[in-house]
Amino acid sequence: MGSGIIVIPLISLLENISLCRTFAEGKPIDTDQELLGIGMANLGNSFFHGFTGAGAIARGALNYSSGVRTPLGGLYTGLTVMAALVFLTPYFYYIPKTALAAVIISASFMMVDVKMIKHVYKSKKKDLVLMLITFFAC
C-alpha cells in the first residue's frame, strides 16, 4: 500500500491535466482550479468508500468527438452508464474484450497530435527516444 498512496493520486492528477489541455481548444486552463476540484471531489468520495476519481480519457474523447460542450454531458453520460449497468450487465459477458478495446481506441484516436509528433521528431533526439519508448511500452 505504501507507494500507491503517492502514485495513484499523482497519475490521476496528471491524467486530468492532460485531458484538459487536449480538449481546451486554445483556451487558458487554470490547473490550480482543476487540482482543487479533483481534491474536493476525492475528499467527498472518501466518505462513501469510493475509488479515486479523475477525468476519464476515453469518456472525454467520446464526449468531445460527439460535440458535448457543457458539464451536463457528463451527467448524461453517467446516467447512461448507470442504466446500462443495471439493465445490460448480463449481456456484457458475451461482448469480446477486443471489441471493447476497439471502441476505446477509436474514441481516443483523435487525441493523437500529429503536429506535436513532427515537432518532437525535428527537435532533440533524446525527446524522440523517450516518446517512442513510452509509446511502445504502452
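When you line the sequence shown up against mature numbering (1 follows the signal peptide of the UniProt record, and there is no 0), it's residues -20 to -1, 1 to 118, in that order. Think of the CB as a built atom: it goes at the ideal place given N, C-alpha and C, for glycine as much as any other residue.
Inter-residue spacing [alpha-carbon to alpha-carbon] between residue i and residue j
| i | j | result |
| --- | --- | --- |
| Pro70 | Ser26 | 29 Å |
| Lys105 | Tyr56 | 44 Å |
| Ala63 | Met20 | 26 Å |
| Ile75 | Ala81 | 11 Å |
| Pro51 | Gln13 | 16 Å |
| Gly17 | Gly24 | 11 Å |
| Asp93 | His99 | 10 Å |
| Ile84 | Val61 | 15 Å |
| Val66 | Ala79 | 21 Å |
| Ser(-3) | Phe72 | 30 Å |
| Lys95 | Met111 | 14 Å |
| Leu59 | Pro8 | 30 Å |
| Lys77 | Leu68 | 16 Å |
CB contact check: residue i to chain D, cutoff 8 Å
| i | result |
| --- | --- |
| Thr50 | Going by chain labels, chain D is absent from the structure shown, which holds only one protein chain. |
Closest Cα partner of residue i within the set the options
| i | options | result |
| --- | --- | --- |
| Asn22 | Leu(-2), Leu(-8), Gly6 | Leu(-8) |
| Cys(-1) | Ala38, Ala117, Tyr101, Ala79 | Ala38 |
| Ile48 | Thr78, Ala4, Ala79 | Residue identity check: residue 48 is Val in the sequence provided, not Ile. Per the Cα distances, Ala4. |
| Ile(-13) | Phe31, Thr11, Asp10 | Phe31 |
Contact set for residue i: own chain, Cβ-Cβ below 6 Å, skip 5 residues either direction
| i | result |
| --- | --- |
| Ala41 | Ala87, Ser88, Met91 |
| Gly53 | Asn43 |
N-terminal and C-terminal residue of the alpha helix (DSSP H) that residue i is part of
| i | result |
| --- | --- |
| Phe31 | Per DSSP, Phe31 belongs to no alpha helix (DSSP H) and is neither H nor E. |
| Gly40 | 37 to 46 |
| Val100 | 94 to 102 |
| Thr50 | Element bounds for Thr50: n/a, residue is neither H nor E. |
| Glu14 | 11 to 26 |
| Phe89 | Segment: none, Phe89 is in no alpha helix (DSSP H) and carries neither H nor E. |
| Lys7 | Here Lys7 belongs to no alpha helix (DSSP H), and DSSP marks it neither H nor E. |
| Ile75 | No alpha helix (DSSP H) contains Ile75, which DSSP labels as neither H nor E. |
Same chain, Cβ closer than 7 Å to residue i, neighbours up to 5 away in sequence not counted
| i | result |
| --- | --- |
| Tyr44 | Phe3 |
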